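Worksheet: the structure to be examined is printed underneath.
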Amino acid sequence: MADFFVDIQRQSFLQYALLTGILASIACGVIGSYVVTRRITYIAGAIAHSVLAGLGAARYCQVMFNWGWFHPLYGAVIAALLSALIIGLVSIHAREREDTVIGAVWAIGMAIGILFIYKTPGYNENLMSYLFGNILMVSTDDLWLIAGLDGLIVVIGVLFYNQLLAVCFDEEFARLRGISVEFYYLLLLCLTALTVVLLVSVVGIVLVIALMTLPVAVAGVFAKRLWQMMVLSALLTVVFTTAGLVLSYGPDLPAGATTIVVAGMAYILTLSVSRLVARGRS
Amino acid sequence: MDTPVVEFENVTFSYDGLPVLRDVNLSIERHDFLAIVGPNAGGKTTMLKIMMGLLKPRSGKVRIFGASPEKARKHIGYMPQYTTLDLMFPVNVLDVVLMGRLGENKIGFFGQKDKVIARDSLKQVEMNGFDDRPFSDLSGGQRQRVLIARALASNPELLLLDEPTSNIDVAVETELFEILHDLNKTKTIVLVTHDLGFVSCFVKHVACVNRTVVVHPTSEITGELISEIYGTDVHMVRHDHSVPGRGPCG
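Protein chains in written order, with this note's numbering: chain A, 781 to 1062; chain B, 2 to 251.
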């Protein structure tokens, strides 16, 4: 652990990693609270996995067509938004079973990604870092993109707080008050998609749902209002990602997985203690 | 003559081919207090949702204040059954009531004026002082009243209530009807209830719904009429509720 505090003063990759974790945490707290209270974590999961298609396709284009500018993160943004819109529009318009559509987007996205990665010449270690994240690989370019997305997500998420709250709490009433429920539902899914992209750079595709839900679940024990849940879960996510980074650095563990284990332990601990307190009172 | 507040003309509605309402004609005048009663799945809630434009009739015409339900929405206040809401949702009483102020505000946070109106609505349902209480901590009757306050926050002319008396005991129910009676002085009220045996004496008309709709003045409701609606004999229990200070009604 001491190594980390010495090295972060001179190693820019560690500083970038720390900053990435903090930036992603803010969006994660705000949007994660909407996602958990609206009970659409599985949609977030599907979007996260479909991101592999975008990452894989962008990397393929970079290598095969020399499209150096087509950063994998751009591919991730496109794939995530596309999946969000597909799931959202199908659940609004078609009378399809929503969970079937979620499952389809989830698996098809991954399959497309794997095909691209398989056909991309060169080393395929990227697959592992996409799936489980590698926060230590974040570059200056990545950081700017992450900061920009983060700002966009948080500004929209806060500006439309009242509308999103009403749509999440009571859709029918929101509609009666003249709010376009469909528009705000799609907006929420798109914000979820962008948040997923940020979190993929922190913990990787597979672990995104955990980072989106565990801090919110812990915050939910204490928060009485949605905005309190957002602030508290954002702070908790900062703590978890930073702890993950610090604890994993010395023993050379994967940072993403360490972060999730820390968050999971905090969740179990909070639930156990709050149950015990509740039992003590009654 | 005034335009009726609600007008249904030969309204027919079905869910997936199953007929729910058939050829419904209904006219509700200003300041009426109408109770929609009938068996479960008889189409009561469907009628409310058609009034708000949340459901579209398959045929027939619906006019609210002489306009389409979508256009009239801003004059409608609605109280759903609280059992349809997620009680784990982190909101307090004021948050819930402020939702009634949406639509007037485009983006950003609620202003002082909205909060004053929201607190005033809470006062009207005798829930002042509960602002910061989590919605999930309240009793059933308190939740119903908070949801009525939310409906009142947009200062509607027409108040629609879905089962306001379910899950609450008779004493609380009497209180609730007193509040509604006061509101009825300025607003038209339509409520849905499955309680057929008795409707409060404050209710002026009763619409009996079972696919079709028949409207009666409250005093005409008798045992034979109830059997007619339900198709079988049902037991009717007579309640004589007296309201302190107002004397018994009947």
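Ideal placement from N, C-alpha and C gives every residue a C-beta, glycine not left out.
As the structure is a prediction and not an experimental result, all values here were calculated from the model.
Select from the region 785-817 of chain A all residues with a C-beta closer than 9 Å to any C-beta belonging to chain B, and list them in chain order.
Residues Ser813 and Thr817.
Is A/His851 helix, strand or coil by DSSP?
coil
From B/Leu88 to A/Phe850, what does the alpha carbon distance come to, in whole angstroms?
Each residue's alpha carbon lies about 45 Å from the other.
Where the beta strand (DSSP E) through B/Pro20 begins and ends
Leu19 to Ile29
Under three-state DSSP, which class holds A/Pro1031?
coil
Let me confirm a value: A/Arg819 is counted as buried when at least 16 other C-beta atoms fall within 10 Å, else exposed. Which label applies?
exposed
What are the residues of the region 931-948 of chain A that lie near chain B, defined by any Cβ-Cβ distance shorter than 8 Å?
Leu939, Phe940, Tyr941, Asn942, Gln943, Leu945, Ala946 and Cys948
May I ask you to verify whether the region 58-73 of chain B touches the region 131-146 of chain B, counting CB pairs closer than 8 Å and requiring at least 3?
Contact between the region 58-73 of chain B and the region 131-146 of chain B is absent, because fewer than three Cβ pairs lie under 8 Å.
Would you list, in sequence order, the uninterrupted alpha helix (DSSP H) runs of no fewer than 4 residues that lie entirely inside the region 988-1046 of chain A?
988-1002 and 1006-1029
Range covered by the alpha helix (DSSP H) that runs through B/Asp45
The question names Asp, but residue 45 of chain B is Lys in the sequence shown. From DSSP, the alpha helix (DSSP H) with B/Lys45 extends over Lys45 to Met52.
Please check the pair A/Ser1054 and A/Val1019, which I expect to be a contact at CB under 8 Å, by giving their CB distance rounded to whole angstroms.
That belief does not hold up - the Cβ atoms of A/Ser1054 and A/Val1019 are roughly 18 Å apart, past 8 Å.
Starting from A/Leu956, find everything on chain B with Cβ-Cβ shorter than 8 Å and list it in chain order.
Result: Met53, Leu55, Arg74, Ile77 and Tyr79.
Please report the distance separating the alpha-carbon of B/Gln125 from that of B/Leu161.
16 Å
Where A/Phe953 meets chain B, residues with beta-carbon distance less than 7 Å
Tyr79, Pro81 and Met100
Can you name, in chain order, every residue of its own chain whose Cβ lies under 8 Å from the Cβ of A/Ala954, other than the five neighbours on each side?
Gln943, Ala946, Val947, Val961 and Tyr964
Integer Cβ distance of A/Ile989 from A/Gly855, believed to fall under 8 Å
Actually they do not touch by this definition, with Cβ atoms about 21 Å apart.
Along the region 113-138 of chain B, what residues have a CB closer than 7 Å to any CB found in chain A?
Pro135
By DSSP's criteria, B/Phe34 is part of a beta bridge. Which residues make up the other side?
B/Ile190
Would you verify that the beta carbon of B/Ile108 is, or is not, closer than 8 Å to some beta carbon of chain A?
It does; some Cβ of chain A falls within 8 Å.
C-beta neighbour in chain A for B/Asp183, strict 8 Å
no
Rounded C-alpha distance that separates A/Ser1052 from A/Gln1008
22 Å
Would you mind telling me which residues of chain B sit closer than 8 Å to A/Ile959, beta carbon to beta carbon, in chain order?
Leu103 and Gly104
Inter-stretch contact at 8 Å, needing at least 3 Cβ pairs: the region 800-812 of chain A / the region 861-875 of chain A
no
Does B/Gly251 come out as helix, strand or coil in the three-state DSSP assignment?
At B/Gly251, the pLDDT of 40 sits below 50, so the modelled position is not reliable; the number obtained from the coordinates is stated separately. Coil, per DSSP.
According to DSSP, simplified to helix, strand and coil, what is B/Asp163?
strand
Residues of chain B with CB closer than 9 Å to the CB of A/Leu1006, please, in chain order.
Against chain B, the beta carbon of A/Leu1006 has neighbours under 9 Å at Phe90, Pro91, Val92 and Asp96, listed in chain order.
For B/Leu86, which three-state DSSP category applies?
coil
Looking at chain B, is there any beta carbon in it that lies within less than 8 Å of the beta carbon of A/Met750?
The structure shown does not extend to residue 750 of chain A, since chain A is modelled only from 781 through 1062, so no value can be given for it.
Under 8 Å by Cβ, that's how I've got B/Gly43 and B/Val210 pegged, so tell me the actual separation to the nearest angstrom.
About 5 Å separates the beta carbons of B/Gly43 and B/Val210, which is inside the 8 Å limit, making them a contact pair.
Is DSSP giving A/Arg1055 helix, strand or coil here?
Of the three classes helix, strand and coil, the one that applies to A/Arg1055 here is helix, per DSSP.
Once DSSP output is grouped into helix, strand and coil, what is the label at B/His195?
coil
Residues bridged to B/Met80 [DSSP beta-bridge criterion]:
B/Leu162
With a threshold of 8 Å between beta-carbons, can A/Ala1003 be considered close to chain B, or not?
yes
Go ahead and pull the three-state DSSP assignment for B/Gly104.
In the structure shown, B/Gly104 sits in coil (DSSP, three-state: anything other than H, G, I, E or B).
Chain-ordered chain A contacts of B/Ser155 [CB-CB under 8 Å]:
Arg957
Runs of alpha helix (DSSP H) lying entirely within the region 950-976 of chain A, each at least 4 residues, in chain order:
951-956
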